[in-house]
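Colleague:
Residue numbers (our numbering), protein chains in the order written: chain A, -12 to 308; chain B, -8 to 526.
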């Protein structure tokens, strides 16, 4: 009669796991530090593949009306226009081509002129699916605004966490999540994924969700700190991470499933956004919450004050007649 | 936690139902919805990236505004000097951002008094600060420097943007485009958005032109070549012809006989003799009188029709043109004649506008994006539901119901706000589906733990809820902060992502606190479980 009893339920994480996550900090910290340095080096020496949002220029998506597009022919046609760096790339389907024209010298109007030249050259063999022109002024502004936005988000979240937790937690969460952002930027540099406005959205979302995960663990740590006054910190942290482990994993599975659906069916336009999200939220975010955000609290001195305060209050009670 | 009064339960369900119902108008054709009362017509607007369309950001050329302001000041100074017969030792000139004039010693005091009258208190936003439109400085040695103040320039730019918005609106309407939106953005920018327009070239042709039209006489007292080599007479200037006129130079009088503001109508047509496309125009009465008078006095002389500093045609006056009607023939095509007529009817822009950003999505790509968005949403939802039911059994079904209502409410709120749904916005919704179950997972896992801790099912559920809710709130606020920042700093489609993500967080917290609890409470009351399916 009871339907739900007859279905064998998945048990992804066994009950009462007792992994010693804290021991891994001797491996995870140096590894993370090395990877972060690598990511920063990549950023400075390999750079990001900035899209037109941030460096200006023209982006045109065309669809050939007559079967698969002849990339080589288009390349020679457009290369001869004297527009500087023109990149062509197949985009999603053999008929679709993405054309990137570097920012033209000569201010805002020169960008418009470039579009007209490209259109005249390609003629009526193609459909224009998308045209984006970002002038020098707008791209400079967007870059500034995005950088400020990212910085502001980090500060706002830091203040919120400081408000809700002790400062050590806020700092620990921030270190952990800036580490996420650094690694994600490293990934973007390595893969040379387009870095445009949606990448900023991806970075902010990664920041939000990684913190979401960290906060769940921190919430538990705080609860444990109140309940078990004498448990040593590494053990307390281990118990906290283990007891939230099953939630962390199930949640990440559902988020991954949603992202997977977007990756498979969401179309080519959002491909780089979703790929970045998968890297940031799924791969880095989970690892960070467990192996960085929790153990770092030991170094930030969480819980040491608790013992002293405890002893003091003990002394007070014993001093009483 | 599990004792929810009947009234509270009704309030929760009613809220969820009403919010979900707000999404209903989206499922009907626009023509059907039009017949409904106004409050029921609110619906989600598809972003330009989904329905296709053009987004063009224009910037007022502030240097142009400055130049015009200085030129006007120079004219004013000349007028004051002339009208008050003030003696000068050097004529007024524009130097940098100022107009400088050197007055004769005896006239200095009177001149200063008169020139000071030119400074007006600024009205509008700067008015209360007591700012004036001009700084007038007595440099010494009779030199007076008049500088247009920065607030006055800003004030003028603001006016220019307002006027431009109106003129562009008229021009765009003349093109017969559907639901164009033209808005001021910031201090000196105008955002033009036209849904459904996949080829903005025509739009750009129409809004990129200042369309300043003047009728002026050609000075025939000196050959153009001589003026080009030497100096043109002080009241003349050299203006080049348009492409159709082979870029030929003309020596024109600076004085304007009639300008575009005095046109009452302009229509494209064909010349009866040559069948060439032309533009017919009609002057208002003062324009007609001035034009009639000048043409009467100058029969046999050529005059020039100048558009945006280009001579488009320079016909010879064969007879006086009295009726206030005329035609311009300037090697037009049918299209360019139509465009010019539109521009002349809508009026000239007060300053040059430069397109600084342009984003155009064709209808085909928009439709493809909608399709892929739909597929991704269905597939994502299906995956999550299957996984949740497999993991939590009946409780997984509860979670799925909560998520379904959650998505319904997201659409309801988007409709209420008349918000714009973009492709990144769809990503936000799909992500919300993945994330919304997290609140259920947190609750269920907590219940499991409490059961393992030795509680009875009902107290375990109770404790599980109350402990998990605090965590849900804390963890969602961080993402909400990120979404809020993205909303204020993002632009266009990315903003759509921030909107759905933010709304998704709000509805997720709402459903976790109310609906999920209600469903579980009902189940507990009905089933009185001795053992929990999820433990």
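Think of the CB as a built atom: it goes at the ideal place given N, C-alpha and C, for glycine as much as any other residue. Treat the numbers as computed from the prediction; the structure is a model and nothing was measured.
What residue does the beta strand (DSSP E) around residue 316 of chain B start on, and which one ends it?
Modeller: 316 to 319 is the extent of the beta strand (DSSP E) around residue 316 of chain B.
Colleague: Pull the bridge partners of residue 82 of chain B from the DSSP assignment, please.
Modeller: Looking at the DSSP assignment, residue 82 of chain B forms no beta bridge with any residue, so it has no partner.
Colleague: What is the rounded straight-line gap between the Cα of residue 148 of chain B and the Cα of residue 176 of chain B?
Modeller: The straight-line gap from Cα to Cα measures roughly 12 Å.
Colleague: So which residues of chain A does residue 363 of chain B contact, with C-beta pairs closer than 7 Å?
Modeller: Result: 252, 253 and 254.
Colleague: For residue 457 of chain B and chain A, any beta-carbon pair shorter than 7 Å?
Modeller: No, its Cβ sits nowhere closer than 7 Å to a Cβ of chain A.
Colleague: Please report the straight-line C-alpha distance between residue 268 of chain B and residue 255 of chain B, rounded to a whole angstrom.
Modeller: Their backbone Cα atoms lie some 20 Å apart in a straight line.
Colleague: Does the Cβ-Cβ distance between residue 240 of chain B and residue 215 of chain B come in under 7 Å?
Modeller: Against a cut-off of 7 Å, the Cβ pair of residue 215 of chain B and residue 240 of chain B comes out as a contact.
Colleague: Consult DSSP for residue 38 of chain B and reduce its assignment to one of helix, strand or coil.
Modeller: In this structure, residue 38 of chain B counts as coil in the three-state DSSP scheme.
Colleague: Could you compute how far the alpha carbon of residue 269 of chain A sits from the alpha carbon of residue 196 of chain A?
Modeller: Rounded to the nearest angstrom, the two C-alpha atoms are 10 Å apart.
Colleague: Could you check how far apart the C-beta atoms of residue 398 of chain B and residue 420 of chain B are, in whole angstroms? I think they sit under 8 Å.
Modeller: Between residue 420 of chain B and residue 398 of chain B the Cβ distance is about 7 Å, and since that is below 8 Å, they are a contact.
Colleague: Using a Cβ-Cβ cut-off of 7 Å, state whether residue 520 of chain B counts as contacting chain A.
Modeller: Cβ-Cβ to chain A under 7 Å: no for residue 520 of chain B.
Colleague: Does any residue of chain A have a CB that is nearer than 7 Å to the CB of residue 52 of chain B?
Modeller: False, the Cβ-Cβ gap to chain A never drops below 7 Å.
Colleague: Cα-Cα, which of B:264, B:282 and B:266 is closest to residue 272 of chain B?
Modeller: The candidate whose alpha carbon is nearest that of residue 272 of chain B is B:282.
Colleague: Taking DSSP as the reference, what is the three-state secondary structure of residue 274 of chain B?
Modeller: Looking at residue 274 of chain B - three-state DSSP - the assignment turns out to be strand.
Colleague: Any idea if residue 479 of chain B is buried or exposed, counting beta-carbon neighbours within 10 angstroms, 16 or more meaning buried?
Modeller: Classification of residue 479 of chain B: exposed, given that the 10 Å Cβ count is below 16.
Colleague: Answer with yes or no whether the minimum CB distance from residue 87 of chain A to chain B is below 7 Å.
Modeller: No - not a single Cβ of chain B is within 7 Å of the one on residue 87 of chain A.
Colleague: Could you tell me the alpha carbon to alpha carbon distance between residue 158 of chain B and residue 67 of chain B, rounded to whole angstroms?
Modeller: Their Cα atoms are separated by approximately 27 Å.
Colleague: State whether the stretch 271 to 290 of chain A contacts the stretch 15 to 31 of chain A, with contact taken as three or more CB pairs (one from each stretch) at a distance under 8 Å.
Modeller: Counting Cβ pairs under 8 Å, three or more are found: they touch.
Colleague: Quick check on the burial criterion: 16 or more other C-beta atoms within 10 angstroms. Buried or exposed for residue 265 of chain B?
Modeller: Residue 265 of chain B comes out exposed.
Colleague: Any contact between the stretch 111 to 124 of chain A and the stretch 446 to 458 of chain B? By contact I mean 3 or more CB pairs, one from each, below 8 Å.
Modeller: No, the stretch 111 to 124 of chain A is not in contact with the stretch 446 to 458 of chain B.
Colleague: Under 8 Å by Cβ, that's how I've got residue 35 of chain A and residue 264 of chain A pegged, so tell me the actual separation to the nearest angstrom.
Modeller: Actually they are not in contact, since the Cβ atoms of residue 35 of chain A and residue 264 of chain A sit about 17 Å apart, beyond 8 Å.
Colleague: In whole angstroms, give me the CA-to-CA distance for residue 46 of chain A and residue 430 of chain B.
Modeller: Cα-Cα distance, rounded: 41 Å.
Colleague: From residue 19 of chain A to residue 10 of chain B, what does the alpha carbon distance come to, in whole angstroms?
Modeller: So the alpha carbons of these two residues sit roughly 45 Å apart.
Colleague: Drop a sphere of 10 angstroms on the beta-carbon of residue 104 of chain B, count the other beta-carbons inside from all chains shown, and report buried for 16 or more, exposed for fewer.
Modeller: That one is exposed.
Colleague: Kindly indicate if chain B contains any beta-carbon less than 7 Å away from that of residue 233 of chain A.
Modeller: Yes - at least one Cβ of chain B is within 7 Å of the one on residue 233 of chain A.
Colleague: With respect to the alpha helix (DSSP H) encompassing residue 257 of chain B, which residues constitute its N-terminal and C-terminal limits?
Modeller: Segment 254 to 261 is the beta strand (DSSP E) holding residue 257 of chain B; no alpha helix (DSSP H) there.
Colleague: Please name the residues in the stretch 263 to 289 of chain B whose beta-carbon is closer than 9 Å to at least one beta-carbon of chain A, in chain order.
Modeller: Result list empty, no residue passes.
Colleague: Evaluate residue 34 of chain B with the Cβ neighbour count: other Cβ atoms within 10 Å of its Cβ, from every protein chain shown; 16 or more gives buried, anything less gives exposed.
Modeller: By the 10 Å Cβ count, residue 34 of chain B comes out buried.
Colleague: Where does residue -5 of chain A land, buried or exposed, given buried means 16+ other C-beta within 10 angstroms?
Modeller: Model confidence at residue -5 of chain A stands at a pLDDT of 49, short of 50, so the residue's coordinates are unreliable; what they give is reported in the following sentence. Answer is exposed; the Cβ neighbour count stays below 16.
Colleague: Report yes if the C-beta distance between residue 55 of chain A and residue 81 of chain A is below 7 Å; otherwise report no.
Modeller: Cβ atoms of residue 55 of chain A and residue 81 of chain A: closer than 7 Å.
Colleague: Under three-state DSSP, which class holds residue 184 of chain B?
Modeller: Residue 184 of chain B: strand per DSSP, three-state reduction.
Colleague: So, at 6 Å on beta carbons, what are the nonlocal neighbours of residue 367 of chain B in its own chain, with the 5 sequence-adjacent residues on each side left out?
Modeller: Around residue 367 of chain B: 421.
Colleague: Is residue 425 of chain B close to chain A, meaning its C-beta is less than 7 Å from at least one C-beta of that chain?
Modeller: True, the Cβ-Cβ gap to chain A drops below 7 Å.
Colleague: For chain A, is any of its Cβ atoms less than 7 Å away from the one on residue -4 of chain B?
Modeller: So, not an interface residue.
Colleague: Hey, how far is the Cα of residue 101 of chain B from the Cα of residue 195 of chain B?
Modeller: Going by the C-alpha atoms only, they are around 51 Å apart.
Colleague: From the beta carbon of residue 209 of chain A, is the nearest beta carbon of chain B less than 7 Å away?
Modeller: Not one chain B Cβ lies under 7 Å of residue 209 of chain A.
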